[in-house]
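Numbering-wise, the working numbering comes out as the position in the sequence shown, counting from 1, plus 2. Where a beta carbon is used, it is the ideal one built from N, C-alpha and C, also for glycine. No experiment lies behind these values; they were computed from the predicted model shown. Remarks on the structure that follows.
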Amino acid sequence: MPVSRPIFRKLLLNAVLPVAIALIVVGLDFTRHGILEAALAAGITALGFAYIFSSSLQRRIGRLRDFAEGGTDAHRIETEKAAEDELGALARSLDGMAARLGGLVERAKVDGAQRAAILATMVEGVLAVDSKLRITFSNRSFAEAVGAQHPIRDGTPLPEVVRGPSLSELLTEALREGEPQERRIGLVLAGEEHVFVAQAAPLNSPAGPGAIAVLYDITPLERLERVRRDFVANVSHELRTPLTAIRGYAETLLEGGLEDAENSRRFVEIIKAHAIRLGNITSDLLTLSELESGAASSPPERVSVQAAVDSSLRTVSTAARLAGVRLVRGEMEEADVLGSRTHLEQVLVNLLDNAVKFNRPDGEVRIETHRAPDSNVTIAVSDTGVGIPSELQSRIFERFYRVDKARSREAGGTGLGLSIVKHIVERMNGTVRVESDLGRGSKFTVTLPRCA
Ligand code: ADP
């Protein structure tokens with residue numbers, strides 16, 4: 003490699019020139035001292051100069067090396083950068099390169115932090131493993147999905163964290179095939195079966211081959227789907243029963259029953275009762291679907307609880323008289339609530355109607371309202387009826403759930419009344435609860451926020 007000109011100049015100035023000067027100086031004296039002494043003196047002088055020059059070079063190169071290795075701050079090479087020679091140019095390029103590298107490192111840090119934040123906050127569980135299925139990364143959602151303590155230590159074998167072979171098999175397949183894989187996997191968490199959609203893909207990192215998996219918990223979706231399927235099945239079943247009866251009695255009438263004056267009237271009455279039931283079911287279903295879709299029929303209004311109670315008592319009075327049940331209007335503390343008067347009356351009529359239906363002859367149904375101290379109002383409907391077994395009390399608010407199916411149908415029930423009650427009350431930001439003694443009676447309490 004050719005020696006660069008500035009360094010060559012320095013060499014000339016710092017080493018060759020001093021030797022020449024020394025030779026000239028010594029040469030002038032050459033006659034007095036012998037040639038050997040002169041050469042020795044010139045050599046020593048040149049060595050001295052060369053030593054000084056080389057240590058200065060060494061120091062400068064050392065500073066640049068330190069800077070390149072990251073041991074020196076940028077300001078320590080400021081003087082080097084100002085130098086006109088090749089080392090000065092090297093210092094300037096090193097400084098420029100360090101600035102560019104610094105920028106790259108900063109950007110990599112920001113990118114890394116962003117990626118870590120995204121992975122940490124993802125609802126999907128993310129997991130990376132090496133080729134031996136040892137965990138190399140996992141986020142919080144993954145730890146929660148498999149019921150493990152977060153953070154999961156790097157290097158933990160996957161089977162130690164996830165019981166059951168399905169996830170390990172999926173990752174092994176992705177590793178073996180070298181292609182993305184997907185499957186549904188079931189994991190039991192706190193005694194509850196959860197269903198996940200898991201996607202796995204091979205991941206080749208500098209550390210070696212591995213695989214990454216993303217887990218998405220579809221348990222709530224599955225549950226909703228099951229509820230929807232059950233609902234459709236229930237509706238079909240509920241509609242089929244009265245339709246079959248109507249069809250059967252109509253056919254009997256047509257096949258000669260019309261001539262049977264005594265029975266024909268009874269058959270027509272049965273048809274009418276089933277038609278009414280069909281009407282009740284469809285109107286209850288419509289109400290439920292309206293409530294579920296959140297379609298507010300009208301803006302919330304101030305409703306007097308007492309007025310709604312009185313109107314509802316009038317609605318059920320005939321049914322109560324026919325069933326031989328006394329309706330008692332108990333203590334009434336006046337209060338207003340915010341909502342729809344029609345909806346509030348629907349709640350009260352459903353509760354009073356049930357209290358009459360599931361009562362005994364000569365029984366009693368009592369309704370009373372109280373202003374609770376916590377700015378709520380409670381409306382309690384109690385009866386002296388059959389009561390509800392304690393283990394079934396939480397289920398009676400489910401759609402189509404009935405304790406005594408035959409009795410409910412006989413009384414014209416749809417099994418949807420209490421679900422409608424719950425929906426309406428919750429839409430009014432309230433709650434409904436039941437207390438019941440089997441064979442002695444039940445008490446339903448609705449609590450609603452009171453208007454100021
Ligand atoms: P239904 O149309 O059958 O009355 P609901 O949804 O109103 O449907 O009630 C669900 C079930 O809850 C009823 O079938 C009945 O078994 C039970 N139930 C509701 N209210 C009472 C009550 N006051 N006493 C006893 N059982 C009741």
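*Ends of the alpha helix (DSSP H) at Pro222?*
For the purposes of this step, residue 222 is taken as residue 220 along the sequence shown, with counting starting at 1. Pro222 -> alpha helix (DSSP H) spans Thr221 to Leu256.
*Got a sec: does ligand 1 put a non-hydrogen atom nearer than 7 Å to the Cβ of Leu420?*
One-based indexing of the sequence shown puts residue 420 at position 418. Yes - ligand 1 has a heavy atom lying nearer than 7 Å to the Cβ of Leu420.
*Take the Cβ of Thr449 as the centre, count every other Cβ of all protein chains shown within 10 Å, and call the residue buried at 16 or more, exposed below.*
Sequence index remark: in the sequence shown, residue 449 carries index 447 (1-based). It is buried - the Cβ of Thr449 has at least 16 other Cβ atoms within 10 Å.
*What span of residues does the beta strand (DSSP E) with Leu329 cover, start to end?*
Counting from one through the sequence shown, the residue named residue 329 turns up at place 327. Where Leu329 is concerned, the enclosing beta strand (DSSP E) stretches over Arg328 to Met334.
*What span of residues does the beta strand (DSSP E) with Asn206 cover, start to end?*
Here residue 206 refers to the residue found at position 204 of the sequence shown. Run containing Asn206: Glu194 to Ser207, per the beta strand (DSSP E) assignment.
*Work out the CA separation of Ala91 and Val5 for me, nearest whole Å.*
If you number the sequence shown from 1, residue 5 lands on position 3. If you number the sequence shown from 1, residue 91 lands on position 89. Annotation note: pLDDT 44 at Val5 (below 50); position unreliable, coordinate value reported separately. Answer to the nearest angstrom: the Cα atoms are 15 Å apart.
*Answer yes or no: do Pro375 and Leu440 have a C-beta to C-beta separation smaller than 8 Å?*
As a working mapping, residue 375 is identified with position 373 in the sequence shown. As a working mapping, residue 440 is identified with position 438 in the sequence shown. Not closer than 8 Å, so no.
*Between the Cα of Gly157 and those of Leu172, Ser133, Phe144 and Glu179, spot the shortest distance and give me the residue it belongs to.*
Taking the sequence shown and counting its residues from 1, the one referred to as residue 157 is at position 155. Cα-wise, what sits closest to Gly157 is Ser133.
_Environment of Lys111 [buried if 16+ CB atoms lie within 10 Å]_ = Reading the sequence shown from its first residue, position 109 is the one you call residue 111. It counts as exposed.
_Neighbour-count burial assignment, His239, 16 or more Cβ in a 10 Å radius_ = Position 237 of the sequence shown holds residue 239. Burial call: exposed.
_Secondary structure of Glu146, DSSP reduced to three states_ = Working through the sequence shown from its first residue, we reach residue 146 at position 144. If DSSP states are grouped into helix, strand and coil, Glu146 belongs with the helices.
*asked:* Looking at chain E, is there any beta carbon in it that lies within less than 8 Å of the beta carbon of Ala115?
replied: The displayed structure is made up of one protein chain only, and chain E is not part of it.
*Check whether the Cβ of Asn206 lies closer than 7 Å to any heavy atom of ligand 1, and answer yes or no.*
Sequence index remark: in the sequence shown, residue 206 carries index 204 (1-based). Incorrect: Asn206 has no Cβ contact closer than 7 Å to ligand 1.
*Measuring alpha carbon to alpha carbon, tell me which of Glu393, Met124 and Gly180 ends up nearest Val457.*
No statement about residue 457 is possible, as the shown extent of the chain runs from 3 to 454 and does not include it.
*Of the residues Asp364, Arg230 and Arg62, which one's Cα is nearest the Cα of Ser291?*
As a working note, residue 291 is residue 289 in the sequence shown. Nearest option by C-alpha distance: Arg230.
*Measure the C-alpha to C-alpha separation of Arg249 and Ser285 and round it to an integer number of angstroms.*
As a position in the sequence shown, residue 249 is number 247, starting the count at 1. As a position in the sequence shown, residue 285 is number 283, starting the count at 1. Cα to Cα, the separation comes out at about 21 Å.
*Of the residues Val379, Leu129, Leu42 and Val199, the one placed nearest Cys453, counting alpha carbons only*: Taking the sequence shown and counting its residues from 1, one reaches residue 453 at position 451. Of Val379, Leu129, Leu42 and Val199, the residue nearest in Cα terms is Val379.
*For Pro4, does the three-state DSSP call read helix, strand or coil?*
In the sequence shown, the residue the question calls residue 4 occupies position 2. For Pro4, the predicted model reports a pLDDT of 46, less than 50, meaning its position is unreliable; a value from the coordinates is still stated below. Three-state DSSP puts Pro4 in coil, outside helix and strand.
*Helix, strand or coil for Ala413 per DSSP?*
Along the sequence shown, read from residue 1 onward, the residue named residue 413 stands at position 411. Reduced to three states, the DSSP call for Ala413 is coil.
*Taking three-plus beta-carbon pairs below 8 Å as touching, is the segment 242-259 in contact with the segment 267-274?*
yes
*Who are the near neighbours of Thr289 in its chain, counting only those whose CB is closer than 6 Å to its CB and skipping five residues on each side?*
For the purposes of this step, residue 289 is identified with residue 287 of the sequence shown, where counting begins at 1. Only Ile422 meet the Cβ criterion.
*Keeping to the same chain, check which residues put their C-beta closer than 6 Å to that of Pro182; ignore five residues upstream and five downstream.*
Translated into the one-based positions of the sequence shown, residue 182 becomes position 180. Taken in chain order, the residues that qualify are Ala203.
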